[in-house]
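Enquirer:
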Amino acid sequence: MKPKNLTIEMGPLSFTAQSIFFKKRKHLETALFFSKKKRKKKEPASPNWKFQTSRPFGCSPTQPPAAPLDPLSALAMQPGGGGGAIRVLNVAEKPSVAKAVAQILSRGSMQSRAGRSQYNRVFEFNYAIHGQVCRMLVTSVTGHLMELEFEDRFRRWHSCDPADLFHTPVRKSVPQDKQAIKQTLEEEARRCQWLVLWLDCDREGENIAYEVIEVCTGANSHLNIWRARFSALIDREIHESVQRLGRSNKLFADAVDARQEIDLRIGASFTRFQTMLLKDAFVIDVTGDGRNLVLSYGPCQFPTLGFIVERFWEIQAHEPEEFWTINCTHTSDEGTASFGWIRGHLFDYPCAVVLYEMCVEEPMATVQNVRNQEKLKYPPYPLSTLELQKRASRYFRMSSEHTMKVAEELYQAGFISYPRTETDNFSPNTDLHAIVREQVEHPVWGAYAHRLLTPEERLWRNPSNGGHDDKAHPPIHPTKFSRGESNWSPDHNKLYELVVRHFLACCSQPAVGAETTVEIDIAGEQFTASGRVVLAKNYLDVYRFDSWGGTLLPTYNIGQQFVPTTLTLDSGVTRPPPLLAEADLLSCMDKAGIGTDATMHDHIKKLLDRCYATKDENTRFSPTNLGEALVMGYDEMGYELWKPYLRSMMEADMKSVSIGTKSKSEVLESCLQQMKACFLDARVNKAKLLDAMGTFFARSSRPINETQNPVEAVRPCAACHESEMVLKQRQTGEFMVGCRSYPQCRNVVWLPGFISEASVTNQVCPICTPGPVYKIQFKFRRRDIPPNFDVDHLGCVGGCDDILKELMEISRFGSRSQAATPARGRQTPNGARQGPPRQDLHTNIRPVGQLNNENPSVMHSQGFRSTHTQNPSNASDAGQVLCTSCGEPCILRIANTDANRGRKFYKCQDPGCGFFKWEDELENAMPGGRRGRGSSRQAPASASAGRRGGAQARGRRGRGRNADGGMFVSATGDTVSGCCFTCGDPSHFANACPNRR
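No gaps in the numbering here: position 643 of the sequence shown is 643 in full-length UniProt numbering, and each next residue is one more.
#1: In the structure shown, what three-state DSSP assignment does residue 418 receive?
#2: Should residue 791 be labelled buried (16 or more other beta-carbon atoms within 10 Å of its own) or exposed?
#3: Flag this pair as yes or no: are the beta carbons of residue 597 and residue 420 separated by less than 9 Å?
#4: Is there contact between the segment 544 to 559 and the segment 468 to 476, where contact requires at least three CB pairs shorter than 8 Å?
#5: Helix, strand or coil: how does DSSP classify residue 460 here?
#6: State the DSSP-derived secondary structure class of residue 632, mapped to helix, strand or coil.
#7: Which same chain residues, not among the five before or five after residue 681, have their C-beta less than 8 Å away from its C-beta?
#8: On a Cα-Cα basis, can you pick out the residue from 90, 154, 157 that is closest to residue 141?
#9: What residue from 339, 606, 900 has the CA that sits closest to residue 569's CA?
#10: Among the residues of its own chain, which have a CB less than 8 Å from the CB of residue 360, if the five just before and after it don't count?
#11: So what does residue 369 bridge to, in DSSP terms?
#12: Where do the N-terminal and C-terminal ends of the beta strand (DSSP E) with residue 90 fall, by residue?
#13: Is residue 313 helix, strand or coil by DSSP?
#14: Would you say residue 367 faces chain B, with C-beta separation under 9 Å as the test?
#15: Can the beta-carbon of residue 615 be found less than 9 Å from the beta-carbon of residue 514?
#16: Please report how far the alpha carbon of residue 484 lies from the alpha carbon of residue 493, in whole angstroms.
#17: Ends of the beta strand (DSSP E) at residue 762?
#18: Could you work out which residue in 148, 381, 265 is closest to residue 501 when comparing CA atoms only?
#19: Mind listing, in chain order, the continuous alpha helix (DSSP H) runs of no fewer than 4 residues lying wholly within the UniProt domain "Toprim" (87 to 231)?
#20: Take the Cβ of residue 349 as the centre, count every other Cβ of all protein chains shown within 10 Å, and call the residue buried at 16 or more, exposed below.
#21: Roughly how many angstroms separate the alpha carbons of residue 520 and residue 444, rounded to a whole number?
#22: With DSSP as the reference, label residue 723 as helix, strand or coil.
#23: Distance, Cα to Cα, residue 303 vs residue 393?
#24: Helix or strand or just coil, what does DSSP make of residue 490?
#25: Using the C-alpha atoms, what's the distance from residue 755 back to residue 718?
#26: Taking only the alpha-carbon atoms, compute the straight-line gap between residue 776 and residue 155 and give it to the nearest angstrom.
#27: Return yes when the Cβ of residue 233 is within less than 9 Å of the Cβ of residue 213, no when it is not.
#28: What did DSSP end up calling residue 623 once you bin it into helix, strand or coil?
#29: If you run the structure through DSSP and keep just helix, strand and coil, what is residue 586?
#30: Is the distance from the Cβ of residue 298 to the Cβ of residue 263 below 9 Å?
#31: Spatial neighbours of residue 332 within its chain, please: CB distance less than 7 Å, with the 5 preceding and 5 following residues excluded, ordered by chain position.
#32: Tell me the rounded alpha-carbon separation between residue 727 and residue 738.
#33: From which residue to which residue does the alpha helix (DSSP H) around residue 282 run?
#34: Identify the residues that DSSP records as bridge partners of residue 374: which are they?
#35: Measuring straight from C-alpha to C-alpha, what distance separates residue 583 and residue 402?
#36: Please classify residue 863: does DSSP put it in a helix, a strand, or coil?
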């Protein structure tokens, strides 16, 4: 018998196999074999379908379709295709969603075990997909699995010029706090054949999906990847979605990647610029902790602030102006009618008086027209996220951020549909009656729901189309009946009631009213009065948040005449517009395209957190001095960075990426190029920003940290262990590496004075600790260094760089004309720097008992000498200062107090001894000065004298000769005097010392 063609439907996918009605497993395997063979003839088969994309719900029509696939054909390509249950790894966006999906699919009969993360458990159960038994493993992530960030080299605030952040490398990786989740995904993916993604069906959800794909395919490249699309955590939605699996949309993920990178680069550059420029220049105490103040800038945050400031400026600029209007009333047996002047009001008082006197002189009113017409008040459109936030703010005075938090909790509990949607029209396939039927039992609005379902009431009306559809989720609607849960707060009850009443209202007939308009004439001036009577409330019966009242007018006929009861000339004053309420601010953001329905509330909350704006009890916003100053400064520059235009264009570009009309790289290049130009101009005009801040804040005495001369982090501070050592350049041109926490921490390394340029590189020293210690690229002035040294040098200040240490010792002698040609050895002279006290790395004073003649120099673990101590260790040497109490040699130190900074003094080595003497007082007391200091006599050839000679050799102008009468000269040919810094012998220098180690 010839087999017949049989098409097996698999949700949205299908395949054709030459088969008959198979009852046995053997026959099914034969059919799969024929199907696979037929595919190979038609097109090249790929063993890995993970990035092939069909056209799923919400995918752009411009996205090229892939070859149709289905779960059974995918099963055939697995090892041992068709044999036994396949293992399916299901990943949800949150732990609560994973648990809900597992409970629905398993009908409560699931097994639970811990994953690597204590918050993300793994649920296991068996489930049949199109008749094929699958072992389902359901786990979750917690939002985004990866973070986009700059490379470590540029993450520190002072590591580079903020302008460089527009093009410095960025990376997307799993942060440390989510490594446990990553390990769980990797371990489970290695043992599975399928990956089903249960992420939210919007752009952010697609981006998270591809983050999960990257992690899972890194552990198992043969995974077959599917996308589950759902809008509510209810049985019907979940079971349907798992039976019609689709593919992920890469374009949506690219749009989010582009937005993340744009926001990161723009936000980081402007935030660093204005924070480093303004924080130390002014006394800004808005948070109570000025040192940790961050003046952030966000591409969406600042335009949102601009709306608030602009309205505030409109109110301030308003000048009240008096106006006049004529009012008329008429009272009859049927009631009172109030007539308004058709001119509205006049600002010209004499003109208003003339018209009023004309009416008074001829007060007879004549009815010229009476109009009666039916008016309809339509119910609202289906509920979108933006409308949910606006209405919750108006009705309950709930902030948009809190509204979304409560809505998310209701969604995760299964009571409402997905709360982040732009859609405001229902699909024709949605069973609206079933949703209404679930609410019939409610004690408050259940009776109205019953009327809605009763045909005789004629109350049903299909919801209107609001014109927005994000192709991902339906409008927000109730998904489960509740009379109110025990764990709900009042806000949960209010928001659930709003969602239910809104849904019932949008399925109802509009309210019907009869409106009457009467027009009268008095002395040539026209007046009108209107009244309304509600004939049928319809949706207003359930939607208590809307009102549609009116007044009942007496009966008037055309041509009827009457004398007004009152006729008055009233004055009034123009009033400024009110401050923006939260609902108004959301409307402004939506109209200008600032943010998305899922992110608008975050931008508003950020303004409040940064103290740029405040919100009163009526949910109306006012800018703070800080927020107004920042907007004013950028406004004075002429670049309307606080206006919504730039961000609107960026949002339009993001949408173009999501539908495939623009590429991610194209959008990144154009947006960043435009914003970098704005940034550079803003930095050039920073004086205007400073002037604007000066209008509101007092100047600070702290030095301004200029962004044009950025300081760069070199290493962690080994003194305070809390901050970083950064490369800085003083106003005198000298370079140093100092702790960023100055003046709390005074740890500093003074670099040679003949450096013309210095910049921190990306290279990390593999020797020095604690790290990382970044190497510095130096450029020395040729005229100031010996000829055997290179002008360019890549050095390390951690202590391992011998060349840099020698140059630092040479620098202590002032210039090369006053120093001997240095040798590239480890032993270098130990001298105290004249002038203010300087430390080569940190102040680490060692007692004299730890010194010995074999290593006479005071060396720290980093290899540089401390300039805070000199230790003459031989009490018998001439010129040595001895303690008058115990007779031990004293230590020469340098004062660091404000009154005696840089002044040298002697102190006894014994901490219990109080001997103290200033060095200049001793010199003044000795007629010839101390031996060995500024003297032409030869000092004794002892180690201590040699060290003193090295410390005091600066400023000597005498001609130095060795024991044989030979003369020592410097690299420039100038004569120098001195002795060996190792052994103290005046016949040679340290580079030729026989005792050199």
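We treat Cβ as the ideally placed atom computed from N, Cα and C, and that holds for glycine. It should be emphasised that the depicted structure is a prediction, and the values quoted were computed from it without experimental measurement.
Expert: Well, looking at it:
#1: coil
#2: exposed
#3: yes
#4: no
#5: strand
#6: helix
#7: 637, 639
#8: 90
#9: 339
#10: 567
#11: 519
#12: 86 to 92
#13: helix
#14: This model lacks chain B altogether, as it is built from one protein chain only.
#15: no
#16: 6 Å
#17: 755 to 764
#18: 381
#19: 95 to 106, 152 to 155, 179 to 190, 203 to 219
#20: exposed
#21: 46 Å
#22: coil
#23: 21 Å
#24: helix
#25: 24 Å
#26: 18 Å
#27: no
#28: strand
#29: helix
#30: yes
#31: 554
#32: 7 Å
#33: No alpha helix (DSSP H) holds residue 282; DSSP gives it neither H nor E.
#34: 514
#35: 14 Å
#36: For residue 863, the pLDDT reaches just 37, beneath the cut-off of 50, and the residue's location in the model is therefore unreliable, leaving the point undetermined.
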